[in-house]
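To start, the structure itself, in structure tokens.
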Amino acid sequence: MVWRDVNGYVAHARSKINLALHVVGRTSNGYHQLSSLVAFCDIADELSVKFNESLGKDRYHIEGPFGQLLSQEPMESNLIVKAVCLLRQKTKETFSVDVTLSKNLPLASGIGGGSTDAAAMLNLLNRGLKKPCLPEELAELALTLGADVPMCLDAQPKWISGIGEVIAFCASFPEFPILLVNPLMPLSTPQVFKCYKESNAPFDVPLEPVNLRHPEEWVDWLKSARNALYSSAIQMCPIVAHVIHTLENTSGNLLARLSGSGATCFGIYDSVKSAADAADKVTAKYPDFWIRRGLLNAKAS
Numbered sequence: 201m202v203w204r205d206v207n208g209y210v211a212h213a214r215s216k217i218n219l220a221l222h223v224v225g226r227t228s229n230g231y232h233q234l235s236s237l238v239a240f241c242d243i244a245d246e247l248s249v250k251f252n253e254s255l256g257k258d259r260y261h262i263e264g265p266f267g268q269l270l271s272q273e274p275m276e277s278n279l280i281v282k283a284v285c286l287l288r289q290k291t292k293e294t295f296s297v298d299v300t301l302s303k304n305l306p307l308a309s310g311i312g313g314g315s316t317d318a319a320a321m322l323n324l325l326n327r328g329l330k331k332p333c334l335p336e337e338l339a340e341l342a343l344t345l346g347a348d349v350p351m352c353l354d355a356q357p358k359w360i361s362g363i364g365e366v367i368a369f370c371a372s373f374p375e376f377p378i379l380l381v382n383p384l385m386p387l388s389t390p391q392v393f394k395c396y397k398e399s400n401a402p403f404d405v406p407l408e409p410v411n412l413r414h415p416e417e418w419v420d421w422l423k424s425a426r427n428a429l430y431s432s433a434i435q436m437c438p439i440v441a442h443v444i445h446t447l448e449n450t451s452g453n454l455l456a457r458l459s460g461s462g463a464t465c466f467g468i469y470d471s472v473k474s475a476a477d478a479a480d481k482v483t484a485k486y487p488d489f490w491i492r493r494g495l496l497n498a499k500a501s
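Just so you know, we're using my numbering here: the sequence shown kicks off at 201 and counts up by one.
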């Protein structure tokens, strides 16, 4: 969701939660073929953009709990910078931007922070253009930034296949209270996939999209699926297994799982109170971890 305030355009880049992830094959050039269900959570980074209708120097300010860590990486490799350059090149419009990113999500954490930031950046820029891109044009640009970026443009639940670029909407997925836990140990997605490949694990069957009506039906369906990267992730970060066990044993927990390549774990709950109580319990056990609660598939306010 993008809105305008006195300082320009603002958007929340919601965290992307990989609820189920099957690896179903491998392409001839080495990419893993995936079948997954993703939804988005209101625990998010925040981006704001001020437009200048002249081609001056773009300015980027990174703040927030993980801002200093992100600032240590070269800015030219950041997807929000690439998004600005890409849209300016595509539209031929003359503008410069003053961007503030509040980095609230951990880096390399399996919840799509870089991809959701890039998608939010494209949405923000598009709102400020004299001639905005059509949705299909914006999706094409997003794909050039990464296979995960197009699915993040509207932050709605989706069935994902291919290498992440084949998208089908999942309109019936409900809202759930959710708890995110990250041990603040970055996990490299390429390294987790490398570990998975070296394990010679058999490929999964593709997920069959379903259209379910009730939350309890979705929980049962999710329990029938899995995260195929879990075994590889816990080889590299064993504490993940302990976190998931802790979440599973909190009152009101419906499902506990690793998101994507990790190391963020999530628990979905039967009520907001259960999620709050679980947050207290997990915080007491792991006081140095990043622990946040929110709503999965929360409706935009």
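Cβ atoms here follow ideal geometry from the backbone N, Cα and C, with glycine treated the same way.
Subject >> Residues that DSSP places opposite P377 in a beta bridge >> reply: Locating residue 377 in the sequence shown gives position 177, counting from the first residue. For P377, which the question treats as bridged, DSSP gives the partners L495.
**OP:** Assign Q272 to one of three DSSP states: helix, strand, or coil.
**Re:** Within the sequence shown, numbered from 1, the residue matching residue 272 stands at position 72. Here Q272 sits in coil by DSSP.
Original post:
Out of curiosity, what's the CA-to-CA distance linking L407 and S236?
Top reply: Along the sequence shown, read from residue 1 onward, the residue named residue 407 stands at position 207. Along the sequence shown, read from residue 1 onward, the residue named residue 236 stands at position 36. Between L407 and S236, the C-alpha separation is close to 7 Å.
**OP:** Count the other CB atoms, across all protein chains shown, that sit within 10 Å of the CB of A368; report buried if there are 16 or more and exposed otherwise.
**Re:** As a first step, residue 368 must be located in the sequence shown, where it is residue number 168. Exposed, by the Cβ-count rule.
Subject >> Whole-Å CB distance - F373 paired with N497, under 8 Å assumed >> reply: Indexing the sequence shown from 1 puts residue 373 at position 173. Indexing the sequence shown from 1 puts residue 497 at position 297. Indeed, because the Cβ distance is near 6 Å, the residues count as touching under 8 Å.
Original post:
Run through DSSP, which three-state label would L429 get?
Top reply: Here residue 429 is taken as the residue at index 229 of the sequence shown, counted from 1. L429 falls in the coil class under three-state DSSP.
Original post:
Cβ of K217 within 9 Å of Cβ of I378?
Top reply: In the sequence shown, counting from the first residue as 1, residue 217 sits at position 17. In the sequence shown, counting from the first residue as 1, residue 378 sits at position 178. First, the amino acid is wrong: residue 217 is Ile here, not Lys. For I217 and I378, yes; Cβs fall inside 9 Å.
**OP:** Would you be able to state if there are at least three C-beta pairs under 8 Å between the region 321-329 and the region 285-301?
**Re:** yes
Original post:
For T300, which residues does DSSP report across the bridge?
Top reply: The residue you call residue 300 lines up with position 100 of the sequence shown. Paired residues: S248 and H261.
Original post:
L270 to W418, Cα distance in whole Å?
Top reply: Here residue 270 refers to the residue found at position 70 of the sequence shown. Here residue 418 refers to the residue found at position 218 of the sequence shown. Their Cα atoms are separated by approximately 36 Å.
Original post:
Would you say I434 and L234 are within 9 Å of each other, going by their C-beta atoms?
Top reply: The residue given as residue 434 occupies position 234 in the sequence shown. The residue given as residue 234 occupies position 34 in the sequence shown. No, these two residues do not count as a Cβ contact at 9 Å.
Subject >> Residue of S474, R426 and C465 minimising C-alpha distance to H445 >> reply: As a position in the sequence shown, residue 445 is number 245, starting the count at 1. Here the closest residue by C-alpha is C465.
**OP:** Hey, could you find the ends of the alpha helix (DSSP H) F489 is sitting in?
**Re:** The residue given as residue 489 occupies position 289 in the sequence shown. Run containing F489: none; DSSP gives neither H nor E here.
**OP:** Report the three-state DSSP secondary structure of K216 (helix, strand or coil).
**Re:** As a working mapping, residue 216 is identified with position 16 in the sequence shown. Reduced to three states, the DSSP call for K216 is strand.
Subject >> Nearest residue (CA-CA) to Q391, options M436, R492, R457 and V405 >> reply: To locate residue 391, count along the sequence shown from 1; it is residue 191. Nearest C-alpha to Q391: M436.
**OP:** Determine the extent of the beta strand (DSSP E) in which R457 is found, giving its start and end residues.
**Re:** Taking the sequence shown and counting its residues from 1, one reaches residue 457 at position 257. N453 to L458 is the span of the beta strand (DSSP E), which, as asked, contains R457.
Original post:
Which residues does DSSP pair with C241 in a beta bridge?
Top reply: For this step, residue 241 is matched to residue 41 along the sequence shown. Partner(s): S215 and L496.
Subject >> A213 versus G494: straight-line alpha-carbon distance, rounded >> reply: If you number the sequence shown from 1, residue 213 lands on position 13. If you number the sequence shown from 1, residue 494 lands on position 294. The alpha-carbon atoms of A213 and G494 are separated by roughly 14 Å.
Original post:
Measuring CA to CA, which of V238, S215, T483 and W203 is closest to K358?
Top reply: Taking the first residue of the sequence shown as position 1, residue 358 is located at position 158. Comparing Cα positions, the closest option is V238.
Original post:
Taking contact to mean at least 3 C-beta pairs separated by less than 8 Å, is the region 311-321 in contact with the region 245-261?
Top reply: yes
Subject >> Completely contained beta strand (DSSP E) runs for the region 310-387, where each covers 3 or more residues >> reply: 358-362, 366-369 and 376-382
**OP:** Indicate the three-state DSSP secondary structure (helix, strand or coil) for V405 in the structure shown.
**Re:** Numbered from 1 along the sequence shown, position 205 holds the residue referred to as residue 405. Coil.
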